[in-house]
Each structure stands twice: as structure tokens, then as C-alpha cells.
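Written below as C-alpha cells is the structure these notes are about.
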Amino acid sequence: MTTTTPTATHRSSAPLGRVLLSELRWVLRRPRNLLALLGLAALPVLIGTVVALTGGPSPGDGPALLASVAGNGLVLPIVTLVMTQSLLLPLVTAMVAADALAGESAHGTLRGLLLAPVGRVRLVWVKATGVLVMTVLSVAVIAVVGVLTGLVIVGSDGLVTLSGTTLPLTGAIGRVALAAGWSMTQMAGIGAIALAVSALTEHPLVVLAVTVGGLIVFGVLGELPALEWLRPFLITTDLYAVADVLRDPIPTGDLITGLWRAGCYVLIGVSATVARMATRDV
Amino acid sequence: MKRRSVALTATAGAAAGLLGLTALTLPAGAAKPDLPAIEPEELVSSAMTARSPEMAGTIRVDNDLGLPALPGVPESSPLSGGSSTLRAWSDGQGRHRLTVPSEGGEKTVVDDGDTVWKWSSTERTVTKYRPDATREHRPATTPAETARHLIAKLRESSEVAVDGTASVAGRDAYELVLTPEPTERTVLREVRIAIGAEKRIPLRVVVETDGARQPALKAGFTKLSLEPQDSELFRFTPPAGAKVTTPEAPERTERARHRVVGAGWDSVLLTRLPQEPQSRQGTDDGPKDPRDLARRIGEPVSGDWGRGWIVTTRSGSALLTADGRLAVGAVPEQVLTGAMGAPR
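Each protein sequence line maps, in turn, to chains A and B. Be aware that the first sequence starts at 1, since it is given in the working numbering, and climbs by one per residue. Be aware that the second sequence starts at 1001, since it is given in the working numbering, and climbs by one per residue.
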């Protein structure tokens, strides 16, 4: 693990808390990040309103999961997560990761950071935390707004699972929290890889292109029967498993595999970022 | 230099992550266990009399029956080949629950010991089978029951042998092999059933056909727990907003329509299509008029029994006549046409 004490500890280094705080302030005050959160918040409202107005797609028509939103509002946050997880959430994550290192590099401010009395490993942790916080916020916004929209529009007092059982409100909220938590780990995995790419390049756009393009390519590769052996490596393989929280009892197999995979991605991404930053010349 | 050791540690971290991903590709293979030898007859009789235990399991079905791609049958349907997963629970006292997950949906069958409930999440419908429906008309059976049924059907016309051991879902099992007697006219080569050494419940069924390396059908537990199950699992309350239908008890006429010609491996099921296929109950994913379908994918044939279309696959064939009679069996074409012409 990368627990080596930062190289700069012998110098008078800035307190971690203050560095972290200034980074978070930086991330959360950036207008495009706020706009992204706002857009994500609008999504469940939009989907919920359309489903409530039209009664949802008729059975066998359109995504099966979407049909189950009608009259069953607490499915809405999970459906929105499923729909955003494949591209929209990774896009937001990649955007923040791109700003974190490649953006600084492009503006010439990374140079200052590297010379500043902050260890390089510590710098990576600070930047990674910034990406993680934004990722957690994006998922949480969808979950919270989704639950509220579901409750307000449908006014349901429970959740009908895909297995036909009815969960009480607390149980339903628990399921949404579980889905959100699981989704956050997946996005953290993607974010870690995006951060590694961000450390490698000076162009923020490259980070976006590699992350989103990579996901699309992964999706295609996962569909090819000849490349079945590749599937366990692809983060896209079990992304859909988040819908399993809507089954009762929850089948844990794919969810746990997904957690393990996301953990590996985080490890690879953060390690690669540290390796690159440690050897980088100012 | 400090920086270099950081870089080295980080590289090791990335390598560990890659290894972790590789770990996902490793099959959970287990060596064949050593078990005391057992006589086939003893294994069969112990399997037939074993009590159904309390259990929860995941079953993977790999289907390579060689059915032609059916228009209108979704790819996720177990009929269309490929793999599907089922989950099953049983409380050992005749109550059970079976779910068939699909992408974004699920079908659930709950037998609460009295009433059988069928739920389809995509249609939001509940079908309630009344308790007075006789056992054999209940749509729910446990996978173990199905396997036992298979053994009972085939053992008379088979050579039964125990062919070593296997490990299924982490449990030690004997491999029971049923091979058709040479006089049986079937396209199947053998049926292998892995029977758990401890509880003697069937854990896996593999159907092999002539001249194919891949099994036509492989259904077995990937996960199995024999712990006591929550009784809530075996209860079903239709959720709010679901449409509940209670079909009439299956009419006697329908029963009379079915007829089995022959016995054992080359038995052929003769039946008659319902007059109005559209009015059929249930949640068939299939296309509406089978005759249209047969016309499209089948070969026209005719004989003294009339004319119709035959569909041959590596695991059997089906013959549908123009007037709606249907013959199905794991047999070559001649046996089907012979059965169709057989006197009542």
C-alpha cells in the first residue's frame, strides 16, 4: 500500500486539514460542478414527472425497470441511478478528475503545487478526496431528490420489489441507500482511473475522452461472446447489478463482485496516480 | 531516493489491483472428492426417498438445446439458449419459492403449501392457483423434484451407472449416469445427474446428445445453503396495484388432450393446440400463433396422418400438423411421425 510517509514531512508541511478544505472549497465552488449537480438533481424530477403524467411505459415496452416506477415511487431513485450510471455519472466524475490534475497542469498551477510544501503523495490524496466528494455528492443528490420526487409524486408508503414483496418505507429507504452506496463505489473506481489519466496528461479533454470513451469501448467488448474471458476485468460488467437491490431477498453475488472490482480499480487508479506524481519532474 | 520507493510501492499497489481483478476470472473449481463407492441402485433409491431439505440455492441453467431463434421470444427467455439463473427456496415441508430474474424484472412463484402464486414484475400481474388444483397441475415444482421425476421416468429403460464423483456448489456428489438402452430410439446420449453425497438431493443435471461435445442442457446449483429458511419467504401477498387473476382449475378436457406414446427415452408427447391460442392464460413470452411460427422455421412434411411442419434440433424434434396436433419428443423424426400415426 502507499502508506509511505510523504517525502516532504521533514520540511514544514502545510496541515492536511487546511489543504483538504481549500481543495474541497475549490471543487465545490466551481460553477460547472454546481451546474452538474443541479442537472443531476433535475433528472429524477423529470423522469418522475413524465412517468406520473403518462403512467409509464406499458409492460413489455421500453425498459422494464422504468415500467415499475409507475405507482411505485421509491423505485425512481434506483432507476435514475441505473440510467445515469453508465455515462452521465462517470462523465461528471471524469470532469472533476480532469480538473484535479490535468486542469491544474494546463493552467500551469500544478507546478506551484508540486513546489509547495505539500508532499506529493499527500497531494494525490487531497486531489483524490476532491474527486471522491464530488462523486459521493452526485450520487447522493440523485438518491435524495429521487426519494423526495417518488414520495411527492406517487405518495407511496412502501416499495414493491421486483419479487412482488412490499417493503415498508424504512426498508425502502434502506434499499435506496444501499443502491446509492454501491453506485458510489463504482463511480469511485471510475474516478480513480480518471485521476490516473489526469496525472498523465496536460489536457483535461483527454481525461474526459479516455474515461467516457473507455466505458463505451468496455460496453462493446462486454457484448462480444469471443471476449467472455475479458468480462471480469470490465467495470461495466456488473453495473446493472445495482437493480438487484430491488429484488427480495437481495442476490448478493453480483453486487459483491462489483464491490471487489471497484476496489481493485480504486487501488490501480490511485497507485498509478501516485507513481506518476512521485516521478514527475516539476 | 525516497521518491523512487514511493513510486515502487505505488507500482506494487497497481499490480495488486490487477491481481485482484484477475482473481475474479478464476473459476471456483474444486477437485473431484473421494467418496466411498456406492451401488447405482442404492444411489437411485436413496435419491428417490431423500427428504427435501430446507434450502436456498442459486441454479444456473446453460441451455444449448439448439432451438432455432424464435421470433418474438426475448433473448433472456430460457428457451432461446444461453444461460439463465434461477433462485429457489424450500422449507422442506412442501412450501417453496422460485424466482426467475431477468434484466429489470423478475418472475416469482410462491407455493405457500395451499395456494400457488405467480408474480410477473414486468406485467404487474399475479396469478393465483386455487388450492383445489391437483398437485400435478401446480405450476411450481422444486428443481430437485424435477430431477427425481426424470430419474423415475428413465430408469426402467436405461443402463444406470455411477461414474465417479463431482463437486457441485462446494458439495461432494456422486455422478449418476443414465444411458438409454440400445433399443431406445432417441437422439440423447446420456443424462448425468450429480447427487449430493450427504443429503442425496440432485445437485446438477446434464443432458448430452449424440455427436455433440457441449451438453444440450446443464442445470445445476452454483450456490446452495441447507440452513433453515425464513418462513416469510413462503408467503405471498399481492402487492398494491397488481392485477390478480384466478384461472379456472385446469379442465379435464385439457388433460385428455395430452397423450404419451411409447415409454422411457423415446416417449412422444401428443397434444392438441388450444383452439384459441390468444386466450391462453399465463404469461407466455412466445409468439401468438404457433402454426405461423412452425411454417416459418419448420420443414413441411406429410404422411398418412396428414401434413404439417417438423422442427428438428440436436436435442429432439417437434411436429405440428396443419389441424393443430403437436408431437414432441427427444427422438428422431421417424419416431414422431410414427407416433402421430399410432392408433389411439
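From the three backbone atoms N, C-alpha and C, an ideal C-beta is built for every residue, glycine too. In this text, all values refer to a predicted model and were calculated from it rather than measured experimentally.
Separation of the CB atoms of glycine 158/A and alanine 172/A is rounded to 6 Å, and the pair is thereby assigned contact status at 8 Å. The DSSP-derived three-state label of asparagine 1063/B is strand. Along the segment 81-107 of chain A, there is no position whose C-beta sits under 7 Å from a C-beta of chain B. Membership of tryptophan 1119/B in the beta strand (DSSP E) is indicated by the continuous run 1116-1120. Rounded to whole angstroms, the gap between the alpha carbons of tryptophan 1305/B and alanine 1322/B is 11 Å. Neighbours of proline 1239/B in chain A, taken as residues whose beta carbon is under 9 Å from its own, are Asn72, Gly158, Val160, Thr161, Gly164, Thr165, Thr166 in chain order. Interface flag for arginine 1087/B against chain A is set, since a Cβ pair is found closer than 8 Å. Distance from the CA of alanine 241/A to the CA of glycine 258/A, rounded to the nearest whole angstrom, comes to 8 Å. At least one beta carbon of chain A lies nearer than 8 Å to the beta carbon of threonine 1025/B. Between valine 19/A and alanine 102/A, the C-beta gap is not smaller than 8 Å, which leaves the two residues out of contact. A check of alpha carbon separations from valine 147/A across Leu169/A, Ala128/A, Leu137/A, Ser68/A identifies Leu169/A as the nearest. Beyond the five residues adjoining it in sequence on each side, threonine 1115/B comes within less than 7 Å, by CB distance, of Lys1128, Tyr1129, Arg1130, Pro1131 in the same chain, given in chain order.
Per DSSP, the continuous alpha helix (DSSP H) segment holding glutamate 223/A begins and ends at 204-223. Per DSSP, proline 1036/B lies in no alpha helix (DSSP H) and is assigned neither H nor E.
Check the Cα spacing between alanine 98/A and each of Leu239/A, Thr201/A, Val139/A: the tightest is with Thr201/A.
Using a CB distance below 8 Å, no part of the segment 171-196 of chain A faces chain B.
With contacts defined as CB atoms closer than 8 Å, arginine 1235/B and proline 1202/B fail to qualify as a contacting pair.
Here DSSP, grouped into helix, strand and coil, assigns proline 1182/B to coil.
Going by beta carbons, alanine 1056/B and glutamine 1229/B fall inside the 8 Å limit. Contact between glutamate 1184/B and glycine 1264/B holds: CB atoms are separated by about 6 Å, below the 8 Å threshold. Secondary structure of proline 168/A (DSSP, three-state): strand. Nearest to leucine 88/A by C-alpha distance, out of His203/A, Val69/A, Val144/A, Gly213/A, is Gly213/A. The beta carbon of phenylalanine 218/A sits no closer than 8 Å to any beta carbon of chain B. Between the segment 1025-1043 of chain B and the segment 1158-1176 of chain B there are three or more inter-stretch CB-CB distances shorter than 8 Å, so the stretches are counted as touching. By the neighbour-count criterion, in which a residue is buried when 16 or more other Cβ atoms sit within 10 angstroms of its Cβ, methionine 1048/B is exposed. Interface with chain B (8 Å Cβ-Cβ cutoff): proline 77/A is excluded. Cβ-Cβ separation between valine 79/A and valine 69/A: approximately 6 Å, consistent with a contact (criterion under 8 Å). In the structure shown, the three-state DSSP call for aspartate 244/A is helix. Scanning chain B for C-beta atoms nearer than 9 Å to the C-beta of alanine 275/A yields Val1006, Ala1007, Leu1008, Thr1009, Ala1010, Thr1011, Gly1013, Ala1014, reported in chain order.
Ranked by how close their Cα comes to the Cα of phenylalanine 1221/B, the residues Gly1303/B, Glu1106/B, Val1177/B, Ala1194/B have Ala1194/B in first place. Taking a beta-carbon distance threshold of 8 Å, glycine 1104/B counts as an interface residue toward chain A.
Secondary structure at leucine 20/A: helix, using DSSP grouped into helix, strand and coil.
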